[in-house]
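Protein chains in written order, with this note's numbering: chain A, 1 to 459; chain B, 1001 to 1459.
Using N, Cα and C, we set each Cβ at its ideal position, and we do this for glycine too.
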């Protein structure tokens, strides 16, 4: 199986393309109309052009690597067969009514899989709203607006197309991009493992975030996540009993949540509990040096949010080590009268020295991950210059949680992000992202530094 | 004690007002310069004008209801004494260095409290960044940008000034307003109880949200929250051990988190675990009919987010009752071929019938709270017309979680909010807000309907 016909097709056929707005075959065609390669609207009853492309009667009439199947479920097996005969390498099956919909649907899905197997066709779906590959200008989804998703370095791989799009649009609203967005749906012949492995080799992808409802072979999924080099984060749904609803969705049981979590945890795959945490954790991992330990230092300009963050970090299992004497002395030198020089460091207000304090703390050898909180204040802004490149210089993740008026912080926050500092717009989002880094480090510590010894000061 | 001199002063003195930008006395003066009443900059060494107001040498020279004390900690007791003698009714003490800062600070605070007691002066603080009363154009805070906080019907009452401002700015970023924002700080002579009681009588306040680090008399706080009619939600920090840091902040121990949570829960005061949940819960309670039971119906246009929401609701203790046969029949009539007519109702895609489905479900007598999820689709938008007034018509909260591209959803979402429907921009935020309504209803059920009996269908 190769997914290159999904992610790097040279040409696309939209089977069931339609000129009728509101139809699937119109929406899917609209989203690929600007693709940099031939796009063929396929419809035996189609006449004339659609988005400037002439209709063709059959997929056999064209040379397409990728087919987007905008056809009803009952004809999907035959269309997959036609695609296979025509040399199509991959097909996205949007229709529902397959394995998630009882015995008849299961049989239909089995027939589609058999047709695909005969001709080595990779299937995405059925029962998905599709995928996107923003950097390639490739939007194989029927959801309006998907073409506005921007390119980035986090790949979203969701069992549910709805979740995939919800997360992608959330990223877009926050000015973040994605290397790929995939809604897997029923995973008829291609699932998490194939996509995770493919994306692991993708030079654009620096972190992979998974939304998992349930899979038949959890062990295989966990081992794949462990084997790849790219950091993986998972949001496994189903702590409570959502079995019936979930099964009706993508035809999968949710399984035992605790077993999944324990297995992921054991292999250094952070687990989170919401789409926001998933996005935030992926963004932190993709844009930071690899965290090598679980010791977090917090530098805050406001005590209240700092306490809330500390509380949340500790609940998540992070350690807040004491800072070295040298660090504490340097802080006291730089900011006489500081409220709290121990970890967390509380500067009581933003000040021109704030960036220096962050740098002093980041250079402390007891610290593996730095989290900063600063409510934006007009006139002071952020210590962007000091933080630019600091994470690489100290080889540690530095995350920045903040807040303030949109009108005041927008430009400054964008500048901070451009300097490579992942930012988060509430105390808890920053804390949760740091907690995911800690989870990641817990079982990915480089050999020789697995334990930091008493006092946390031995490394 | 009356807080009317804080919330409804006719005149304000800014003691320690300064023409030097960056100084507290400048920032505080800047934020009250547009107050609709006399504002007096007080400074013995002040000359000329500040923001068009002539400096006065002493608070004794003017008639002020409210004084904002921009002076160092060590002079605060004397300044409070002067204010008291001059007939000032309330003073905001911004300076830190009191009870949170060891024995000397405690003594200083005791002297300030004694001076206040001699003259019946209400103190806000010390050790706070202040308060805001947007509808009155009153911004007694030194934090830049605070004047952009808009008027609304949720009051934020935080032990930490930093949290108060972080939550208020978060609200502002999301287009929501507040009836009041208060950072309590050290609560020298006025604390949660006085403010909660005052705000309970405030016609602008429909919900009060509390951020609590710790109080000496937890029982008193809980009983106050129970006694008032206005819904109260609490974010109690300190699940993990943050004792040392917290005590250094506002001089209070965080106490036993479980005891707080149990006590709040017993009295129908929802507890949440983040600033975002706090804001969202307050917004739901302030803008909905009072929830009278714990049965939640979910109507979703996308299965994946629906499953994630269901999972989160169930973890939070919500019940998702079966819908009546009549409801299920009506749904099937309106939307033939619907994926899942049981609760949750999954319409599989947005459609023109979506609003009707929500209305059918909202009218089901088994349902106490309705949560909707719909990823925004261009061309379809939201069923705003159908939902306008529906919550009042069925006398049940109806919350709406959504997602999509900012550029597409912004206007439609604003219209939905204008129609009185609280909206949330991720699946989990909607679920958490609904869970808070359930927590509220759990111990506030009207007499005679405390139990819904087997099957949940008896009411």
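C-beta atoms of residue i and residue j nearer than 7 Å
i	j	result
residue 504(A)	residue 1307(B)	Lying outside 1 to 459, the shown extent of chain A, residue 504(A) is not represented and no answer is given.
residue 1178(B)	residue 1156(B)	yes
residue 1080(B)	residue 1028(B)	no
residue 1438(B)	residue 1361(B)	no
residue 190(A)	residue 108(A)	no
residue 408(A)	residue 376(A)	yes
residue 378(A)	residue 1145(B)	yes
residue 1315(B)	residue 101(A)	no
residue 1032(B)	residue 1006(B)	no
residue 1441(B)	residue 1293(B)	yes
residue 242(A)	residue 1310(B)	yes
residue 1368(B)	residue 1295(B)	yes
residue 1285(B)	residue 1207(B)	yes
residue 121(A)	residue 68(A)	no
residue 213(A)	residue 263(A)	no
residue 55(A)	residue 41(A)	yes
residue 380(A)	residue 350(A)	yes
Nearest residue (CA-CA) to residue i, options the options
i	options	result
residue 1099(B)	1320(B), 1073(B) and 1120(B)	1073(B)
residue 26(A)	140(A), 113(A), 353(A) and 59(A)	140(A)
residue 423(A)	400(A), 41(A), 337(A) and 198(A)	400(A)
residue 297(A)	255(A), 345(A) and 188(A)	345(A)
residue 167(A)	136(A), 132(A) and 201(A)	132(A)
residue 1469(B)	1085(B), 1188(B), 1150(B) and 1084(B)	With chain B running from 1001 to 1459 in the structure shown, residue 1469(B) is simply not present.
residue 1059(B)	1312(B), 1086(B) and 1347(B)	1086(B)
residue 406(A)	1149(B), 1010(B), 1057(B) and 1103(B)	1149(B)
residue 1063(B)	1082(B), 1270(B), 1070(B) and 1197(B)	1082(B)
C-alpha gap between residue i and residue j, whole angstroms
i	j	result
residue 390(A)	residue 175(A)	22 Å
residue 90(A)	residue 3(A)	8 Å
residue 1452(B)	residue 1210(B)	With a pLDDT of only 37 at residue 1452(B), under 50, the local geometry of the prediction cannot be trusted, and the value read off the model is given with reservation. Straight-line Cα distance between these residues: approximately 31 Å.
residue 414(A)	residue 420(A)	10 Å
residue 281(A)	residue 1332(B)	40 Å
residue 1161(B)	residue 1195(B)	15 Å
residue 1417(B)	residue 1383(B)	12 Å
residue 134(A)	residue 1180(B)	44 Å
residue 153(A)	residue 48(A)	39 Å
residue 1235(B)	residue 372(A)	22 Å
residue 1199(B)	residue 1084(B)	24 Å
residue 1052(B)	residue 1186(B)	33 Å
residue 1017(B)	residue 1050(B)	8 Å
residue 322(A)	residue 364(A)	10 Å
residue 228(A)	residue 96(A)	31 Å
residue 1233(B)	residue 1260(B)	13 Å
DSSP three-state assignment for residue i, whether helix, strand or coil
i	result
residue 159(A)	coil
residue 1265(B)	helix
residue 100(A)	helix
residue 258(A)	helix
residue 1173(B)	helix
residue 1105(B)	helix
residue 1440(B)	helix
residue 310(A)	helix
residue 305(A)	helix
residue 1295(B)	strand
residue 374(A)	strand
residue 279(A)	helix
residue 1354(B)	helix
residue 245(A)	helix
residue 1009(B)	coil
residue 47(A)	coil
Short of 8 Å Cβ to Cβ, which residues in the region 1127-1155 of chain B face chain A? 1143, 1144, 1145 and 1148
Using Cβ-Cβ distances below 8 Å, what residues of the region 1007-1028 of chain B are close to chain A? 1021 and 1022
At a CB distance below 8 Å, what residues from the region 401-417 of chain A approach chain B? Give them in sequence order. 403, 404, 405, 406, 407 and 408
If contact means a Cβ-Cβ distance below 7 Å, which residues of the region 1310-1322 of chain B contact chain A? 1310, 1311, 1314 and 1315
Could you please tell me which residues of the region 65-96 of chain A, in chain order, have their CB closer than 8 Å to any CB of chain B? Among the residues of the region 65-96 of chain A, those with a Cβ less than 8 Å away from any Cβ of chain B are 96, in the order of the chain.
Closer than 7 Å, Cβ to Cβ, to anything on chain B: give me those residues from the region 368-398 of chain A, in chain order. 375, 377, 378 and 379
By the 8 Å beta-carbon criterion, what residues does the region 1096-1122 of chain B contribute toward chain A? 1096
Identify each residue in the region 202-228 of chain A for which the Cβ-Cβ distance to at least one residue of chain B is less than 9 Å, and report them in chain order. Answer set for the region 202-228 of chain A: 211 and 213.
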